[in-house]
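Participant: Okay, here's the structure, questions in a sec.
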Amino acid sequence: MTGRPGSRRRRGKAEADRSWTGLLIRNTVLWLAPVTLIWLLLTPLYNRFLLESAQRLLNLTESPAVTDLAPAGGDGHDAFIARRDFTPVRRRVHSFRVTDLHFHFLLLGALFLGVPRIGWRQRLANLGLACVASVCFDVVLLFFYVKFIYATQLGAWSLAHYGPFARNFYGLGKHLLDLPFKLALPLVLWSAFYLPRLLQESGRAASVAS
Amino acid sequence: MARKKPSRPEPAHAPLPFWRRNRGEVTFLVLFLALLGAGFTLISLNWVNDHLIEPFTGGIARTSGAALNLLGQHVSMQGTVIRNARFAVNIRNGCNGVEAMLIFLSAVLAFPSPWVSRAVGLALGIVAIQAVNLVRVVALFLTGVYFPKLFATSHTVIWQTLVILFAVLLWLFWAHRFATRREPA
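In the order they appear, the protein sequences are chains A and B.
Converting from the first sequence to this note's numbering requires adding 5 to each position, the first position being numbered 1.
Converting from the second sequence to this note's numbering requires adding 7 to each position, the first position being numbered 1.
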C-alpha cells in the first residue's frame, strides 16, 4: 500500500525538519517493542552460548577444570553452577537467572536501530560490532559472577580458597560489571559510534539558538 | 660553515593521529567511565551506603508508600520495606534510581558543555529520574499484589530497562537542547 505522492512528500519534509536528536528519541522508543520480541526469541539460544563460553573461560583458569555451568529448568532462562570436585550432595553450588545478565541488549538494539538518517547497511554493521562487544562483556560478566560466588558465598570453603584481596577483587568486579557497566554499556557503545553526530547536532542547535 | 641539513618534506595532508581525530569521543568515553566507576565505588563503601544511600532509599520508600496509600493500598513502611496484607517489597540498591542517576550524572559531566548547562541538566535530570523511579516502585508493588507471577521479570528486565532508557533519552534531549556550546562570533 502506498500513500499519495503529495502526502508522502509532506511527510518527508516534516521528517527532514525534525531534529536528528528528536527523531532518535522517537525511533528508540518505537524500536523497543520489536527489539524485545527478537531478544525474547533469541534468549534461550544465547543463554546456552553464554553458559558454554563462560564455562570454557572458567575452565582455562582452573586446574583441574571442575566448573560446570548448565541450564536448569525447561524455559531456558535459569542455570546452575556445579563443581565436579564437590560431593554429589553439594555439587550444585548456586542457581541463577542467566537472562537477567543480558537484558542490556534491549537498550542497545533500540538505540542503534533508532539512529535516523543513516543507511541500513551502516546501521546494521554498527549494531553488529556493538553486539560483538556486548557478547564479550557478557562472557566476562558471567566469569566474574561465578568467581564472586566462589570467593564470597560458599562459607568456609570460600574463606579457605580465596584471600581477602581476591574476595574484594571479585566482589567489586562483579558489582561494577553487573550494575553500572552493564547498564551503561549500550550508551558507551552508542557514543563510540554516534557521539560525533550528537556533538555536531548540539553545535547546530547552539548556532540556531544564537 | 655548517651545512644546512635538508629537511624531510612534509606530506601535504598528513593523517592526524587517532587521538586528535577522535579527541571528543575518547575524552567523553574515558571521563564517562571514570566518573561512573568512581561513583559506583563510592556508593559501595559501607559508610556512604549507611549514611547516604540507606536514608535516601528510606525516603523513596516513604514517598512510594504515601503514593500507594493514595491508591488505596493501605501500606505501612519500615525503613526501606513497604508492606500491606498481601505483599511486601524491600527497596534495595538497583531499585532506588541511584544507578540511573549516576549514569545520567556521569554522562552530563563528561559531555562538553558549559557548567550552567550541566547544573540545569543535573537538577532537572535527578528530579525526572526520581519521578520515573517512583512510578516504578509503585507499579512493581501493584504488580506484586495483583500479578505476582510477573513480578520477577518486571522487577529486573522491564523496569530496569525502562528507567535506564529514560535516563539515556533524557541525556540525549539535554545534550541537544541545553548543552549548547556557543562559539564566539
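Cβ coordinates follow ideal geometry from the N, Cα and C atoms, glycine included.
The model shown is predicted, which means the values in this text are computed figures rather than measured ones.
1. For the alpha helix (DSSP H) that A/His-109 lies in, which residues bound it at each end?
2. Helix, strand or coil: how does DSSP classify B/Val-134 here?
3. My guess is that A/Tyr-155 and A/His-107 are in contact by the Cβ rule of under 8 Å, so how many angstroms apart are they, rounded?
4. Using the beta-carbon count (16 or more within 10 Å), is B/Gly-86 buried or exposed?
5. Using a Cβ-Cβ cut-off of less than 9 Å, give me the residues of the region 97-109 of chain B that come near chain A, in sequence order.
6. Would you mind sorting A/Asp-90 into buried or exposed? The rule is 16 or more other CB atoms within 10 Å of its CB.
7. From B/Leu-80 to B/Ala-146, what distance separates their C-alpha atoms?
8. Do you know whose CA, among A/Ser-139, A/Arg-53, A/Val-151, A/Thr-92, lies nearest A/Ala-171's CA?
9. Could you pull the DSSP bridge partners for B/Val-96 from this structure?
10. Could you say which of B/Leu-52, B/Val-96, B/Ser-51, B/Phe-39 lies nearest to B/Gly-65 if we only look at CA atoms?
11. Using alpha carbons as the reference points, say which of B/Ser-113, B/Arg-125, B/Ala-74 lies closest to B/Ala-138.
12. Taking only three categories from DSSP, how would you classify A/Ile-123?
13. Name the chain B residues that come within less than 7 Å of A/Ala-189, Cβ to Cβ?
14. For a test of the three-state rule: what should DSSP assign to A/Val-94, helix, strand or coil?
15. Under a CB-based cut-off of 9 Å, is A/Val-34 close to chain B?
16. Identify whether B/Leu-42 lies in helix, strand or coil by the three-state DSSP scheme.
17. Determine, using beta carbons only, whether B/Glu-32 comes closer than 9 Å to chain A.
18. Out of curiosity, what's the CA-to-CA distance linking A/Phe-117 and A/Ala-77?
19. Between A/Ile-123 and chain D, is there a C-beta pair that is closer than 9 Å?
20. Ends of the beta strand (DSSP E) at A/Ile-86?
21. Alpha carbon to alpha carbon, how far is A/Leu-35 from B/Leu-149? Give it in angstroms, no decimals.
22. In terms of residue numbering, what span does the beta strand (DSSP E) encompassing A/Thr-72 cover?
23. Between the alpha carbons of B/Arg-69 and B/Leu-59, how many angstroms are there, rounded?
24. Report yes or no: do three or more beta-carbon pairs, one from the region 193-209 of chain A and one from the region 23-32 of chain A, lie closer than 8 Å?
25. What's the call for B/Leu-177, buried or exposed, on a 16-neighbour Cβ count within 10 Å?
26. Take every Cβ of the region 105-116 of chain B, pair it with every Cβ of the region 39-46 of chain B, and state whether three or more of those distances are shorter than 8 Å.
27. When you compare the CB positions of B/Ser-71 and B/Val-152, do they come within less than 9 Å of one another, or not?
28. What residues from chain A crowd round B/Gln-167, counting only those whose CB sits closer than 8 Å?
29. Output, in chain order, the set of chain B residues within a Cβ distance shorter than 8 Å of A/Val-193.
30. Using 9 Å as the limit for Cβ to Cβ distance, is A/Asp-105 near chain B?
31. Count the other CB atoms within 10 Å of the CB of B/Cys-102; is the residue buried (16 or more) or exposed (fewer)?
32. I need the boundaries of the alpha helix (DSSP H) containing A/Ser-24, first residue and last residue.
33. A/Ile-30 CB to nearest chain B CB: under 9 Å?
34. Is it true that the CB of A/Phe-153 sits closer than 9 Å to the CB of A/Leu-168?
35. Is it buried or exposed, B/Phe-154, if we count other Cβ atoms within 10 angstroms and call 16 or more buried?
Facilitator: In short:
1. Per DSSP, A/His-109 belongs to the alpha helix (DSSP H) from 109-118.
2. DSSP places B/Val-134 in helix when its eight states are reduced to three.
3. Actually they are not in contact, since the Cβ atoms of A/Tyr-155 and A/His-107 sit about 21 Å apart, beyond 8 Å.
4. Answer is exposed; the Cβ neighbour count stays below 16.
5. Against chain A - using a Cβ distance shorter than 9 Å - the residues of the region 97-109 of chain B are Asn-100, Gly-101, Glu-106, Ala-107, Leu-109.
6. By the C-beta density criterion, A/Asp-90 is exposed, having fewer than 16 other C-beta atoms within 10 angstroms.
7. Note that residue 80 of chain B is Gln in the sequence shown here, rather than Leu. CA-CA distance, B/Gln-80 to B/Ala-146, rounds to 12 Å.
8. That would be A/Val-151, whose Cα lies nearest to the Cα of A/Ala-171.
9. B/Ile-89, per the DSSP bridge assignment.
10. Just measuring C-alpha positions, the residue of B/Leu-52, B/Val-96, B/Ser-51, B/Phe-39 sitting nearest B/Gly-65 is B/Val-96.
11. For the residues B/Ser-113, B/Arg-125, B/Ala-74, the minimum Cα distance to B/Ala-138 belongs to B/Ala-74.
12. Here A/Ile-123 sits in coil by DSSP.
13. Within chain B, the C-beta atoms nearer than 7 Å to that of A/Ala-189 come from Leu-43, Ile-110, in chain order.
14. Coil at A/Val-94, not helix or strand.
15. Taking Cβ atoms only, chain B reaches closer than 9 Å to A/Val-34, which makes this a yes.
16. Three-state DSSP puts B/Leu-42 in a helix.
17. At least one beta carbon of chain A lies nearer than 9 Å to the beta carbon of B/Glu-32.
18. In this model, A/Phe-117 and A/Ala-77 are separated by some 32 Å (Cα to Cα).
19. Protein chains A and B are contained in the structure displayed, whereas chain D is not.
20. For A/Ile-86, the enclosing beta strand (DSSP E) begins and ends at 83-88.
21. Answer to the nearest angstrom: the Cα atoms are 26 Å apart.
22. Counting along the chain, the beta strand (DSSP E) containing A/Thr-72 begins and ends at 72-77.
23. The C-alpha of B/Leu-59 is placed about 16 Å away from the C-alpha of B/Arg-69.
24. Verdict: yes, contact present.
25. Buried.
26. Contact holds: three or more Cβ-Cβ distances are below 8 Å.
27. No, these two residues do not count as a Cβ contact at 9 Å.
28. Per Cβ cutoff of 8 Å: Phe-108, Leu-188.
29. Annotation: Cβ neighbours of A/Val-193 in chain B (cutoff 8 Å, chain order): Leu-36, Phe-39, Leu-40.
30. So, interface residue.
31. Buried: at least 16 other Cβ atoms inside 10 Å.
32. Counting along the chain, A/Ser-24 falls outside any alpha helix (DSSP H), and DSSP gives it neither H nor E.
33. Yes, contact with chain B.
34. Going by the sequence as given, residue 168 of chain A is Gly instead of Leu. In this structure, A/Gly-168 sits away from A/Phe-153, with a CB-CB distance that is not shorter than 9 Å.
35. Under this definition B/Phe-154 is an exposed residue.
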